[in-house]
Every structure is written in C-alpha cells, then in structure tokens.
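In my numbering, the protein residues as written are 80 to 818.
As structure tokens, then:
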C-alpha cells in the first residue's frame, strides 16, 4: 500500500513538474522569442535588397538562400545555443556578463573590485579545480585579465547597440506591408510617420512595466507563429511542394559557386535569421533551461522553417518583381488576408522590440529609456529603410555571438573541466562559421554597418572610463584610509562630542576607516552616539540570498559603539528602498549584539575572507514601535510607494526578543543604547569625491578622470537605499581625490 501511494505521489510530482515546464515554455514565447520569430519579415528582403545577388529563372539564388537560412538557424541557434550554451548558466543567469562573471569567479582573476569575493554557501565559494595552463595564465598575467574584461564589455556594448537597432528594423519591416496596399508612391509619406509613432508609443509603455501588458505577449507571438506556419504550408503546397529539396547543403554550394563574391556579400542579410538567438541565453534567469529548449524545438524552430520554406516556394514561382527589394514577406501573403496579417505582424514586432529593450524583472530607468528612444528614432529617420539598418543590426548580432563563442570555449575548459580538445573544437567550428558572417557584415561598413561600431565604441569608452575611475578611486581610498588603532587610541568618546542618533557612514572599504571620516571629524568634532561604517558590495554572482546578505562586525570595545556592516548584492539583485533598508540594517546590528561573536554562524576572518572579523547575520532581530503589531524586517521586496525616512522620536522602538532569551547587563545596555539611537533618528553621511588627475599625468588620463569620469559621477544615481532619504537626514562630505 505504501509503495503504491509512493508511486502515485511520484507520478503526480512528475505530472506537476511537466505542467509547470509547459506553462514556462508558453510564457517564454512572449518574452524570449519575440525578436527571432519576426525575422522572416526582413531576411529575404535583406539578402536580395543589396543588389549583390539577383533572382534568376533557375532559382539557384532563392534555393541557396533558403539552404543557408536553414543550416544557419540549425547550427547556430539550435546546436550552439539550445544544446550547448544554455548549459553554461551562472546560478541560473545567462548573458555575456554572466559568462564573464562565471569565468572570473572560478579562476579568481576578476579585475572588478569585489568580483572575486567568495560567498559562503554559494557556488562561487567552491574550491577551485586543479590548476591548468589556461587558468594559470589568466591568474598571473594582468594583460589577459584586461583582454577578457574588454571582450566582455565589447559584447555588452553590442547588445546595447542591438537594443537600439532591433525596434527600428522590426517595426519598419512590419509597417512596410502598407506598400502593397497603396498606389504610386504614397507609402513614402506614410511608412516613416507610422513607424515613428509606434516607436514612441513602445518606449512610452516602458514606464508601466511589462507586468501590466506582459500577459498579452505570449498570445500575440503564438498567433504570429500560427499565422506564418499556415501561410508557409499553404505556399509550399500551392506553389512548390518540392521546395524541401533546397534544405540540402548542396544548394549552398551551388549558390556560392554561381554568385561567388555577391553571394558572400549577401550573407550579411541571411545572418539576420538568427537575430534574437542571444536572447534565449540572456533571458535564462527568467525561465528554466528545459522550458526554453522545449519552446524552441517544438514550436519556434518548426514554425520558422515552414515560414522560410513557404516564402521560398512562392518566390521560386514568381520572377516578375520590379526590384529585388520588393522580394519579402508580404508578397507571399495571400491578398485576402494581407491586412489582418499586417496587424498581427505589427503587434509581433512591438513584442519583439519590447523583449530587447526591457525584460520582466529589470529596473526602469527613465533616462536610459529616453536615450534609447532618441537613438532609435534618429536611426529610423536617418536611414528611412531597412537595408542599412539591417546591415548595422547584422554586425551587432554576429559580434555578440563571436564574443559568446570565445567566452564559452573558456567555460568548457575552466568551469566544466573538459579537455582542451573539446574547447578548441567548439571554438574552431562555430568560430569559423561566425567569422565568415562577420567578414560579410564588416565589408558593408559604408552601408550602415558603421552604426554599431560607433555606438559600441561610445558605450565601451564610457564603461572603460567608469571602471578605470572607480578602480583609481578605490586605490586612493585604500592608500589614504585611517588605521583602526588610530581611532581607538582616541578613547570611547573618540575625542569628539557624541550626540544622540545613528550616524551611517557610506564607504567602499571593507577594512580600516575611510579618510573622509577623519576629514569630517577634524573640521567638525562631533558625531552620533552610534557609528556604522556601511559598505555596499557588488559581488560576481547573480543573486545573494537574504540570509547571507548582511555581515556585521564590531570596531573596538562595546563602549565605543562602532560597527562595520557589509551588505552584499548580486549583479541581478534589486536593492531595498530607504525604509526597508534602515529596518533590516538596525535589526541586523541588534541581532549581532544579542547573539555575541562566538554564537554566530558564518563567522569570517582575515585568513579566509577579505572581510575582517565580520559575522553573517542570517536573520535580524525583529523590532516594533509602540502601538504597532510585531513585524519582521526581513522582507527584501522593494515597495512601490517609495516611503520617506522619517524621524522616530514620536514613537518608542523596542526589539522583540526570542522566548527564553537570556542577556547579561552589557548586552542589554548596548541594545538599549541602539534603541535610543534608533528613536533619535538616523543620518546618512555620504561622501562626495571630486576626482582629479595628479599633476604630470598624461593628457588622456586628465581627460578621462577630470572630465569624463567626473561627468559620469555627477550624473550617476545614488545607491538605491539613499534615493528616498529626505535632505534633512542626509549629510554630504566633499573631498578632493588626487589619483
């Protein structure tokens, strides 16, 4: 009986698991595949529009293009991404930076401050595998670490460039169906305004977030896939049932043999059939591997093949096109259903563009959103057709793929511990295919391919200057920090007047006293009764578990009331707002005081971690105000009301102790002092560093530090927890840093 019940329970769990995977696969259609499923709108048009190849009576060109599309989609998207790259997740996250983070953490050779910090209990804290020549070279040679970082930043820059180009190409291609329904040249006065209106509306919707309209994405993409599949099957049966023969690689050979240089040049347009493939990997954090694989292999891939075959079948029986750029998706759509298909195509293009510029779970930043919109509109108005924009998009897409291939080959060696033969085989096979497409895209530099190069150069320069300036600022802070012994020699009062309240001093240091604090007390010898040196640390994992986020330590003896708190966030974590952050911070310090150093698990010291004598606080000590129900401060979900931090003088605060808790008089006195300080209010002391290059520095360094980095610093956002702090609770201390 027990065995039968166990068997039924296991079967029910498997059924529930498959049901969950099917739901995720359905949802992924609207988020992940919006870009790749709209590529049939412009692939054939881009391949023939450049004039590199002509559609002839023998159909060698259209059959060759179909064969190339089929094998490119199969080898790059299906074989490379679905079967191999999706397995290289960084704690469930994907994308170019996830690969870089995974490599750096396993090798221990990151250039980003804090990128190599291990997290106890996280996969990044595992022991490093046995040394290899590749790992040793990355660990010892600084120039290789810089090359790896620049390579990752290049891929990230090209992804941003693709985010600018994709909405313009997709929407303009979808709207181009109006040409076939207008007489003479009327479309010249309609297409561009309609496209711009749709793009403005698309970016304006970002303010509301995808969660409000995201439920419509999957049905729209499903309807679009059903539409192109039915049209494809109809065209195959009605026009050319033997078009399936063109899937043979032999037709690629015949195509290249006949067209030669022109055929090679047309590869830049054919390449667009795999645009959006990188999104499958980049959006891995929102869905499971199996759901993404299931959706692509069972739905997306067959639908795309039928769509491309149907277009080729129609084109192979029609040779009376006025111009090559008239060859495209809409000519193969039966005239009776052209208007409904046009509407569905526009909706699908909007969804595809939405998937590129924002994903569910990401943060909406108005400035970035409007900058992307202006760039997108500028390209649309400047080029006015998809030919040049498609060339630009092709170069951006293939560059990202090459970066992924190179980083993936390192993952195979360093993270999967496979033989170098496997890594070289992966690199040479896919690298050779992508290098051919890259060369075909690069030669079209004067025909639009210069756009992603210029955009990526600007983005890359900004990211490099930001990294360089941040690293120099960190070096300055480390070199000029004040020793703890100096501070403790001042005595419990620190040689200054201690006033009621909590002083929260933000610093990038995880040890020592920041120079900005000594600068402050030298000029104004007074400070709060409780001092907290706060360090917000970004670590090279996607997410940090809430129970591992806060590390608390004591500086000096109890009577000094000095604490150090390190708060760790992953690169995909959303930081708490001011009110929630304050609650969690104070409760973590209270739990540290109550438990004592020896009673806490996860104690870290200088021998095992860069954090000195800090303890991991898995759960803070709850507290409540008089007249309020008990509430735990552990919630880490940001609220949407953006509450302001207010003084707590009007209501007393008490900590809720566990049952049967026993405390000595020192602990009770320290908690009482923290309670009184919390009631008096908290002041955020923010350092404002003015970066200046040292005299005698090179011209490039002076421009980078004095102008570019300073401009970025002035216009960058404050930490999320400080964004909503009232001005009366904030104190900014300025200091000039000569680097």
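Here a beta-carbon is modelled for each residue, glycine too, at the ideal position from N, C-alpha and C.
What would DSSP say about residue 608, mapped onto helix, strand or coil? strand
What residues in its chain sit with their C-beta under 6 Å from that of residue 844, if we drop five residues either side in the sequence? The first residue shown for the chain is 80 and the last is 818, placing residue 844 beyond what the model contains.
For residue 473, the three-state DSSP class (helix, strand or coil): helix
Mind reading off the beta-carbon distance from residue 374 to residue 107? Whole number of angstroms is fine, and I expect it under 8 Å. 5 Å
Does the region 578 to 586 come close enough to the region 629 to 637 to have 3 or more Cβ pairs within less than 8 Å? no
Sort out for me which residues DSSP pairs residue 768 with in a bridge. 814
How many Å lie between residue 430 and residue 117 at the Cα? 9 Å
Determine the closest residue to residue 269 out of 647, 479, 302 and 460, with distance taken between C-alpha atoms. 460
Segment limits, alpha helix (DSSP H) that includes residue 640: That residue, residue 640, is in no alpha helix (DSSP H); it is neither H nor E in DSSP.
For residue 809: DSSP bridge partner residues: 763
Per-residue burial, residue 778 [other beta carbons within 10 Å of its own, 16 or more giving buried]: exposed
Buried or exposed, going by whether 16 or more other CB atoms sit within 10 Å of the CB of residue 729? For residue 729, the predicted model reports a pLDDT of 41, less than 50, meaning its position is unreliable and no value from the coordinates is stated.
DSSP three-state label for residue 97, please. helix
Please report how far the alpha carbon of residue 155 lies from the alpha carbon of residue 647, in whole angstroms. 37 Å
Under 7 Å Cβ to Cβ from residue 349, same chain only, skipping five residues before and after it: list those, please. 122, 126, 144, 147, 148 and 151
Give a yes or no on contact between the region 236 to 245 and the region 464 to 484, applying the rule of three or more CB pairs nearer than 8 Å. yes
Cβ-based neighbour list, residue 488, same chain, cut-off 6 Å, excluding 5 preceding and 5 following: 502, 505 and 506
Give me, in chain order, the residues of the same chain whose beta-carbon lies closer than 7 Å to that of residue 369; leave out the 5 immediate sequence neighbours on both sides. 100
In whole angstroms, what is the alpha-carbon distance linking residue 277 and residue 450? 16 Å
DSSP three-state assignment for residue 110, whether helix, strand or coil: helix
State the start and end residues of the unbroken alpha helix (DSSP H) segment that holds residue 276. 270 to 283
Check whether the region 591 to 602 and the region 775 to 793 are in contact - that is, three or more C-beta pairs closer than 8 Å. no
Give me whichever residues DSSP pairs with residue 629 in a beta bridge. 646 and 696
Outcome for residue 179 when other beta-carbon atoms lying within 10 angstroms are tallied against a minimum of 16: buried
What residues are listed by DSSP as bridge partners for residue 579? Partner(s): none; residue 579 has no beta bridge.
Using CA atoms only, rank isn't needed, just tell me which of 753, 809, 218 and 346 is closest to residue 608. 753
Beta-carbon proximity check, residue 513 vs residue 563, cutoff 8 Å: no
Please tell me whether residue 623 and residue 587 are closer than 8 Å, where the distance is taken between their beta carbons. no
Residue 112 classed as buried or exposed, judged by whether at least 16 other C-beta atoms fall within 10 angstroms: buried
Identify whether residue 682 lies in helix, strand or coil by the three-state DSSP scheme. At residue 682, the pLDDT of 41 sits below 50, so the modelled position is not reliable and the matter cannot be decided from this model.
Could you work out which residue in 757, 534 and 769 is closest to residue 244 when comparing CA atoms only? 534
Tell me the residue span of the alpha helix (DSSP H) that contains residue 185. 175 to 186
Starting from the Cα of residue 699, find the closest Cα among 626, 592, 585 and 408 and give me that residue. 626
Please name the residue, chosen from 701, 552 and 645, that lies closest to residue 589 on a Cα-to-Cα basis. 645
Do you know whose CA, among 669, 529, 486 and 526, lies nearest residue 510's CA? 486
Cβ-based neighbour list, residue 530, same chain, cut-off 6 Å, excluding 5 preceding and 5 following: 471
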